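First the structure, in the form of structure tokens, and then the observations on it.
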Amino acid sequence: MISVRRFSLQASLWRQHAPMMEQLVRWINLHETSYGRQVMVQNHPNRNALIAETAFRRAAVEAPLFEENLDAEVKASEMLALLPRGQFGDLPLTRSERTETTLVQQNIQLYCGNLADPKFFYSVPGCGIVDAAFGDIKDEGHLAEIKAVTRPFRSTDIRQLLTYSAMLYASGRSVDRLSLYNPRRARLFTTTLNEVSFSVGGRSGSELMQDLIDSMVGMQVSV
149 MISVRRFSLQ ASLWRQHAPM MEQLVRWINL HETSYGRQVM VQNHPNRNAL IAETAFRRAA
209 VEAPLFEENL DAEVKASEML ALLPRGQFGD LPLTRSERTE TTLVQQNIQL YCGNLADPKF
269 FYSVPGCGIV DAAFGDIKDE GHLAEIKAVT RPFRSTDIRQ LLTYSAMLYA SGRSVDRLSL
329 YNPRRARLFT TTLNEVSFSV GGRSGSELMQ DLIDSMVGMQ VSV
């Protein structure tokens, strides 16, 4: 089995199914909208991942903005320790990092305030060779990925959303809208699955979903 992230990095597969992906990403970064207030990096960049993950977990439980939530911080640190690039969260958040975390959390909650019934850490069933996973936010047929980073949106962000969509589609659950929200840069892009699918490959959403599912199953057979 492979992770969603690894599947999203299969360059040859995505060139085949979404040949215009890079053009779409450039367009997204030109047409993203402002949503919330930008949060400047005030601490060491190596701590950004811990700040982002803690802010997301605090938003998920609607933790009071300026109160400590050590449980969210510990869980964020434990999750980041499993990532291949090392220990981002081996030290507790400092006072200034907690302030930064609160501001990122505030933007996430602002975004979720306009959703009907947001579900954090929604489950995504495995499909073919791709293992089961948890996405960021699901609001009925609307999937949103939260990217609290200093960079612009990337093709891998869209690929991740499309992979989750295909895995849900394979289990009989439909997705019609996709969003990328960066609560650090306060930038939002929302569109439909059909619009993304047509933009990257000239096909409908259901056609792209089936192609991705076939690739997940085909990779399993070849392995």
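Under my numbering, the final residue of the sequence shown carries the number 371; numbering is consecutive throughout. Ideal Cβ positions, reconstructed from N, Cα and C, are used throughout, including at glycine. Just so we're clear, the structure is a prediction, and the values are computed from it rather than from any experiment.
Item to check | Continuous alpha helix (DSSP H) stretch holding S160: start and end | outcome: S160 -> alpha helix (DSSP H) spans 159–165.
Next on the checklist: Can you give me the C-alpha to C-alpha distance between I150 and P273, rounded to a whole angstrom?
Outcome noted: Between I150 and P273, the alpha-carbon positions lie close to 13 Å from each other.
Next on the checklist: Out of Y183, V348, N177, which one is the CA nearest neighbour of G261?
Outcome noted: Closest by alpha carbon: Y183.
Checklist entry - Which whole-angstrom value describes the C-beta separation of L172 and S347, a residue pair presumed to lie in contact below a C-beta threshold of 8 Å? => result Confirmed, about 5 Å.
Next on the checklist: Can you tell me where the beta strand (DSSP E) holding Y329 begins and where it ends?
Outcome noted: Here the beta strand (DSSP E) through Y329 covers 325–330.
Checklist entry - If you compare alpha carbons, which of S319, A334, Q186 is closest to M357? => result Nearest option by C-alpha distance: S319.
Item to check | Endpoints, the alpha helix (DSSP H) within which F301 is located | outcome: First-last for F301: undefined, no H or E at that position.
Checklist entry - Anyone know if the C-beta pair for L263 and D287 falls short of 8 Å? => result Judged by their CB atoms, L263 and D287 are nearer to each other than the 8 Å cut-off.
Checklist entry - Since H179 is in the alpha helix (DSSP H), which residue starts that stretch and which ends it? => result Here the alpha helix (DSSP H) through H179 covers 169–179.
Checklist entry - Does the region 183–200 touch the region 317–333, meaning 3 or more C-beta pairs lie closer than 8 Å? => result Taking one beta carbon from each stretch, the region 317–333 and the region 183–200 have 3 or more pairs nearer than 8 Å; the two touch.
Next on the checklist: If you measure between the beta carbons of L157 and T311, is that distance less than 8 Å?
Outcome noted: Taking a C-beta distance under 8 Å as the contact criterion, L157 and T311 do not qualify as a contact pair.
Checklist entry - For S363, which residues of its own chain have a beta-carbon under 6 Å away from its beta-carbon, when the five flanking residues on both sides are left out? => result Once the five neighbours on either side are set aside, the close Cβ partners of S363 are L161.
Next on the checklist: Strictly by DSSP, which residues pair up with L336?
Outcome noted: DSSP, once it has assigned bridges, lists T181, Y329 as partnering L336.
Checklist entry - Considering only residues of the same chain and omitting the five flanking positions on each side of G289, which have a CB-CB separation below 6 Å? => result The beta carbon of G289 sits closer than 6 Å to the beta carbons of S322, V323, D324 from its chain, once the five residues preceding and following it are set aside; these are given in chain order.
Checklist entry - When burial is assigned at 16 or more other CB atoms within 10 Å of the CB, is H165 buried or exposed? => result Its Cβ being crowded by 16 or more others within 10 Å, H165 is buried.
Checklist entry - Three-state secondary structure (DSSP) at A318? => result For A318, the three-state secondary structure derived from DSSP is helix.
Checklist entry - In the DSSP assignment, what residue or residues form a beta bridge with I294? => result I294 pairs with Y329.
Item to check | Among N191, H179, F282, nearest to V152 - alpha-carbon criterion | outcome: Per the Cα distances, F282.
Next on the checklist: Let's test the definition: count the other Cβ atoms within 10 Å of the Cβ of P167 and tell me whether it reaches 16, buried, or not, exposed.
Outcome noted: Exposure of P167 is indicated by the presence of fewer than 16 other C-beta atoms within 10 angstroms of its C-beta.
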